[in-house]
Every structure is written in C-alpha cells, then in structure tokens.
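Counted the way my numbering counts, the sequence shown spans residues 13 to 514.
Just so it is clear, CB atoms sit at the ideal spot from N, CA and C, and this is done for glycine as well.
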Amino acid sequence: MAFAPQVYNGITWDEVDMSIYDKNDGIMPEPPAAPLDGSIFINLAHLKDEKRCADTIARIFSKAKDPKRVFIGLVEHNENTKMMNCLATFCINAGAGNDVKNHPAVCPHYDQIQTLSVFSKGAKGPTVSRALGRKLLGNQEFCMQIDSHSSFIPNWDEVAIQEWASINNEYAVLSNRPADSAEMAEYGPGGSKEKVVNRFCNVELNSARLPMFSAPTQARNLNKPLIMKGWSAAFSFAKCHLEESTPYDFFLPQIFQGEEFPRFARMWTRGYDVYTPTRNIVFHDYTPTDVKWPDSGIQRKWAQERIRTLLQMPTPNFEVTERMYSNLNLYGLGERRSFTDFMSFVGFDLQTKVAIPSAPCSNPKWYSYDRSISALQNKYTDVDNEIDPLPIMPLRSKPVLSQPNGSLKTAKPHGIGHPHEIIEHLRVPKTIAEEAQYAQEAFVKVEHQLAESAEGAPTPVKFLVVIWLIGISAWVIIFARRKQGGASGRTRRKMMNGSKNH
Numbered sequence: 013m014a015f016a017p018q019v020y021n022g023i024t025w026d027e028v029d030m031s032i033y034d035k036n037d038g039i040m041p042e043p044p045a046a047p048l049d050g051s052i053f054i055n056l057a058h059l060k061d062e063k064r065c066a067d068t069i070a071r072i073f074s075k076a077k078d079p080k081r082v083f084i085g086l087v088e089h090n091e092n093t094k095m096m097n098c099l100a101t102f103c104i105n106a107g108a109g110n111d112v113k114n115h116p117a118v119c120p121h122y123d124q125i126q127t128l129s130v131f132s133k134g135a136k137g138p139t140v141s142r143a144l145g146r147k148l149l150g151n152q153e154f155c156m157q158i159d160s161h162s163s164f165i166p167n168w169d170e171v172a173i174q175e176w177a178s179i180n181n182e183y184a185v186l187s188n189r190p191a192d193s194a195e196m197a198e199y200g201p202g203g204s205k206e207k208v209v210n211r212f213c214n215v216e217l218n219s220a221r222l223p224m225f226s227a228p229t230q231a232r233n234l235n236k237p238l239i240m241k242g243w244s245a246a247f248s249f250a251k252c253h254l255e256e257s258t259p260y261d262f263f264l265p266q267i268f269q270g271e272e273f274p275r276f277a278r279m280w281t282r283g284y285d286v287y288t289p290t291r292n293i294v295f296h297d298y299t300p301t302d303v304k305w306p307d308s309g310i311q312r313k314w315a316q317e318r319i320r321t322l323l324q325m326p327t328p329n330f331e332v333t334e335r336m337y338s339n340l341n342l343y344g345l346g347e348r349r350s351f352t353d354f355m356s357f358v359g360f361d362l363q364t365k366v367a368i369p370s371a372p373c374s375n376p377k378w379y380s381y382d383r384s385i386s387a388l389q390n391k392y393t394d395v396d397n398e399i400d401p402l403p404i405m406p407l408r409s410k411p412v413l414s415q416p417n418g419s420l421k422t423a424k425p426h427g428i429g430h431p432h433e434i435i436e437h438l439r440v441p442k443t444i445a446e447e448a449q450y451a452q453e454a455f456v457k458v459e460h461q462l463a464e465s466a467e468g469a470p471t472p473v474k475f476l477v478v479i480w481l482i483g484i485s486a487w488v489i490i491f492a493r494r495k496q497g498g499a500s501g502r503t504r505r506k507m508m509n510g511s512k513n514h
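Here it is, written out as structure tokens:
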C-alpha cells in the first residue's frame, strides 16, 4: 500500500503537492546536460579526527557500487607530522602496512585520494577548510560534500545519481541533515523510519543575530525529491559546476554555527535548487568530541561583517553599501534570481529580522529565471576592482560553465572577460619554485612602476624608492633560492601540494 507524501509542520503532517512547476505557467528548470562519466568528487575535511575520518574513507569505497568512479579531496588538520594522519590510518587499516613510504604502491584507492595538509593550529574553521578542498577538485562530473564521520547506505553512489537525475534539473542539489548513524537500522529497509528524511523548513537567528536554519523537521513517503528551503553542509550532492559558480568563501574564517545559510543564499540566487532526497543516503556520527577549532574572535567578527554585507543586513554600527556588495564579486549574490524573492522563498526578512509569509514547507514555490543569464554572473560587480570570475582550481582543467559550446554555454558577464578566455591566460603555480618565479616577475613589474612614478618626485623620495627596491630585490632572490632547494623547501612543497606522506 502506497502512502501519501507528507511533511511535518510541527503539529500535524501536511500533504505534499508535487506539481510545484504548474504554478509557473509551465516554465520548467533547465534539463540535465548529456551525462558524462558519472565520476564523483567528495570534499572531505577533518580536524584531528583521524580515526573516524579513516573509517569514513573505508566506508566510502566499500559501500559504493562502483568505487572506481569515486575520488576524494582530503583536507587534513593534524596536530603534528609524527602522528598518523587520516590517509595513513586508512591505508594501515586496509592492510598496507605501517611504512607510509610503501602506501602509494600497496594502499587500495590511493591514487583516488588527493590531500592537502595544514597543521591544526592553522585551521580557520570548516568554511575555510572546505574552501581549500576545491584545490583538489579535478574534472569529475558530480561533487559531494560530507563530514569526516559519516556512514553510507549500500550503493550510495548509484542511489545519489539516480535521485539527482529524477529531478530533471541541471541545477539541482540533493541535500538534507543526515540522520544519526546510530539509527541506521531504523532508517534502513524494514525499519520504522525507512521512508522518513530530515528536511529544513524555517530560519532563525543565532547568537550573533545572523540567520541559520532551524532544527530540521521531517518528510515521509516522498516519491520524488522535494524542493527545500535550506541546505546542509553535512550532505550535499550536485553537478560540480556548483563549485565553479558558488565556491566556498575562503574569507569566512571562524564561522561555525550558520555557515550554511550564506552559501544557500548565493546558490539560490544563481539558479540552484536544493531538494530533500526520498531516502537517507548519508548518516552522521553525532558523538561529541573534545576537539575544538583554534579560536580568533577578531577574525570571526570580520567574517560576520562579511556575511552581513552579503545578506544586506545593516546594524546600528555597520552600514552596508552597494560598493561593499560589489567587492564580494563571485562570493556574492547571483543575477538569476532576486534577493527579495529569496527572502520570500525562505520566509524571512533579513532587513527587519522577522519571519514573513511564504509557501508552506510541504508545498514550496519554485522560482523560474532567465536561462540566458549565467550562473557565474554576479548581482553586483565592481568593474574597477574585478577578481577572476572563477576560483583557482589547479586540477580542474575543464570547467563546465566556461565551455564555449554546448547547452551550458554562459552569457558574458558585464565588465569581465569570458571565463574561458581568462583561464587560458591564467598561470597557476604548480610548485614552490614556480611560485617564487611568479613572485619575482611580479616584483620586477612593481619595480618598473615605482621607478616611473618616482621620476618626477623630489630627491628624498627617489632615494627612499631606490633603497626599497634594493631591499625587496634581495628578499626575492633569497626567497626564490630557499624555495627551490633545501630540505625545508621540499617539506613545504609536500605540504602545499597535498603530500600523502605528511
């Protein structure tokens, strides 16, 4: 017997109307592009959580129907180089032995794991760590984000792709707050909660008076993923062009509670829709630990002001301007949907900080948009201080949204070159030696500019410029030599390039 799909409103179960697109005069989301290889990139970061992280990696591969198509970008925050990191622990547990030098040859799936290591003392919070993860993203088709203490249903990769494809929306994002891994049996086949999934419905303010999603309610008996008014960082599955158009903001250190809402606002205004899956795909270990992220109150304050700028939330001591919106560029809002519509969609006015009427969580409204507008196009763009329209992803040589041909060809944003043109001329240093070379070239350019500007200056100014140029030139020479040779250079190169042995 089939039961009707429902969403719990806190008091009763509301019936779900799956015909949400009929309310938009037949306008439908953009259908999926032709499927590629079905490869999946997993953004996985941890803070001194080596054991659970290693177990998570083991489950990723053992529970996948096709483990060969799964790739992991592992951002490690370990206490020191003497301890076994997550990757080494995974390899040892897999029978590769205790000598990490042998792991590349004998550890299973070793070549499917890219790593980037930053000491735990330098960790800046989950938002920054996940932003670092894009440095490890290759040309995979799908991107999934999870926490370092996750479990999975059998054939999770096949299920996730099938759920995503059933939505028929190229810009769909599967996401929900994972259920507790201690309750996997109850949510599994034949369990009492087999057809129950968590679902965000409401917004509230945290202690810093910034928006966050309220504790999730539940949906049950869904026969198709249902559009949702929220997004979870603990499970997210989408096409990887989401990381091109809406990358994690590296400039939000020390943001913990409330990291999800700002990115959801960005992805929604860029045309992405988040959907609750019909079943639980990922589970989460909610066991508390004593591990704490390094704390910096001043950095958190700056990050909170940046979020207020993004969400246009003035305060008595903080007034945001359009110029400040513009400076966010790619890390700001998109052009496809308006911010006013976003507030109506989530049912929360960010200026007055109060809830406003919106469609019920059981029957959300889908907002159409002009497909000719690129997901890369910013709502506000500072043409005098423009940053690259795509984040630097050195391993991703074929960004989808910059392809000149095909159904996903983007319109040229105002004031900037087409991303494809920029990438062709973008030089990304792959070694510390190249980094030093590029730095030296940049300093030479600055020297010429300073020399030209000093030609008409008084003699004391000219003398100071000459002294400065001599000093900076000596520094660059020393810096380049140290980076190109010596044990310290090799060690640093391993850390920066994602060494698997440290």
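Practice prompt. Taking only the alpha-carbon atoms, compute the straight-line gap between Asn300 and Met40 and give it to the nearest angstrom.
Written response: Residue identity differs from the one stated: residue 300 is Pro in this sequence, not Asn. For Pro300 and Met40, the distance between alpha carbons rounds to 43 Å.
Practice prompt. Helix, strand or coil for Ser344, going by three-state DSSP, please let me know.
Written response: This sequence places Gly at residue 344; Ser is not what is there. Reduced to three states, the DSSP call for Gly344 is coil.
Practice prompt. Measure the alpha-carbon distance for Leu420 versus Gln266 and round it to whole angstroms.
Written response: Confidence in Leu420 is poor, its pLDDT being 33 and thus under 50, which makes the residue's placement unreliable; the coordinate value appears in the next sentence. Computed Cα separation, rounded: 35 Å.
Fill in: Buried/exposed call for Asn92, threshold 16 Cβ in 10 Å
exposed
Discussion item. Using CA atoms only, rank isn't needed, just tell me which of Asn233, Ser160, Gly50, Val140 is closest to Val19.
Written reply: Asn233
Worksheet entry | Buried versus exposed call for Thr364 [16 or more other C-beta atoms within 10 Å across all chains shown] | exposed
Fill in: Beta-carbon proximity check, Phe73 vs Ser51, cutoff 8 Å
no
Worksheet entry | Bounding residues of the alpha helix (DSSP H) (the contiguous stretch that carries Leu144) | 138-145
Worksheet entry | Close Cβ partners of Gln230 (< 8 Å) along its chain, the five nearest in sequence each way excluded | Val19, Tyr20, Val208, Val209, Asn210, Arg211
Item to complete: Return the Cβ separation of Ser187 and Ser163 in integer angstroms, given the expectation that the two are a contact with Cβ distance under 8 Å.
Response: Going by Cβ atoms, the distance from Ser187 to Ser163 rounds to 17 Å, so no, they are not a contact pair.
Discussion item. Please classify Lys133 as buried or exposed, where buried requires at least 16 neighbouring CB atoms within 10 angstroms.
Written reply: exposed
Item to complete: Kindly list the residues whose CB is nearer than 6 Å to the CB of Val87, restricted to its own chain and excluding five residues on each side of it in sequence; keep chain order.
Response: Ala57, Leu128, Ser141, Leu144, Gly145
Item to complete: Check Val358 in the structure and name its three-state DSSP category.
Response: helix
Practice prompt. Go to Met40, then tell me how far its alpha helix (DSSP H) extends in each direction, as first and last residue.
Written response: Here Met40 belongs to no alpha helix (DSSP H), and DSSP marks it neither H nor E.
Worksheet item: To the nearest angstrom, how far is it from the Cα of Glu42 to the Cα of Tyr381?
Response: 10 Å
Worksheet entry | 7 Å Cβ shell around Thr101 - same chain, five flanking residues per side excluded | Glu62, Lys63, Ala66
Worksheet entry | Burial state of Asp78, where buried means 16 or more other Cβ atoms lie within 10 Å | exposed
Worksheet item: Since Pro223 sits in a beta bridge, which residues does DSSP pair it with?
Response: Leu217
Discussion item. Considering just the uninterrupted stretch of the beta strand (DSSP E) at Asp26, what are its terminal residues?
Written reply: 25-27
Discussion item. Ignoring anything shorter than 4 residues, give me the alpha helix (DSSP H) runs that lie fully in the segment 237-303, in order along the chain.
Written reply: 253-257, 272-281
Worksheet item: For the candidate residues Leu148, Thr393, Asn329, whose alpha-carbon lies nearest to that of Gly346?
Response: Thr393
Worksheet item: Shortest alpha-carbon distance to Ser384 belongs to which of Leu413, Pro376, Pro274, Phe354?
Response: Leu413
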